[in-house]
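Working notes, structure below.
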Amino acid sequence: MNNKEYTTKQEQLARFAKALGHPARVAIMEFLIKQDNCFFGDIHEVLPIAKATVSQHLKELKDAGLIQGEIETPKVKYCINRENWKIASMLFNEFFGQCACKKESCYE
83 MNNKEYTTKQ EQLARFAKAL GHPARVAIME FLIKQDNCFF GDIHEVLPIA KATVSQHLKE
143 LKDAGLIQGE IETPKVKYCI NRENWKIASM LFNEFFGQCA CKKESCYE
């Protein structure tokens, strides 16, 4: 690998991580993950997120591919993008599972 190039996996993991880099977006994802179907309604009514900022958080999650649906009012329908959620889960598991240090602390 050339030192100046990132792998597709690294770029994709970073994109998902950036999208999840705000507590409001994590809360949105946690809420949507628990839904059996698409959620119809206003996220700000069920989560402690100001109405004014909900759409920007939804846009970031949608741009990263973690959610899908209509995010423009009056059409409000949000779903987890299940295919990309599986990819994100695999990438994060691979990333966090690659620590070579077997001891509790690397200082031991």
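Counting from 83, one number per residue, gives the positions in the sequence shown under the numbering used here.
For every residue, glycine included, the Cβ atom is placed at its ideal position computed from N, Cα and C.
Quiz item: Alpha carbon to alpha carbon, how far is Q180 from I169?
Solution: As a position in the sequence shown, residue 180 is number 98, starting the count at 1. As a position in the sequence shown, residue 169 is number 87, starting the count at 1. Spanning the two alpha carbons is a distance of roughly 17 Å.
Quiz item: How big is the Cα-Cα spacing for R97 and A146?
Solution: Numbered from its first residue, the sequence shown carries residue 97 at position 15. Numbered from its first residue, the sequence shown carries residue 146 at position 64. For the pair R97 and A146, the Cα-to-Cα distance works out to about 6 Å.
Exercise. Note down the Cα distance separating H126 from L102, rounded to an integer number of angstroms.
Key: In the sequence shown, counting from the first residue as 1, residue 126 sits at position 44. In the sequence shown, counting from the first residue as 1, residue 102 sits at position 20. Cα to Cα, the separation comes out at about 18 Å.
Quiz item: So, helix, strand or coil for I115, using DSSP?
Solution: Looking up residue 115 in the sequence shown gives position 33. DSSP places I115 within a helical segment (H, G or I) once states are collapsed to three.
Practice problem: Could you name the residues that DSSP lists as bridge partners for F121? | Solution: For the purposes of this step, residue 121 is taken as the residue at position 39 of the sequence shown. In the DSSP assignment, the residues bridged to F121 are Y160.
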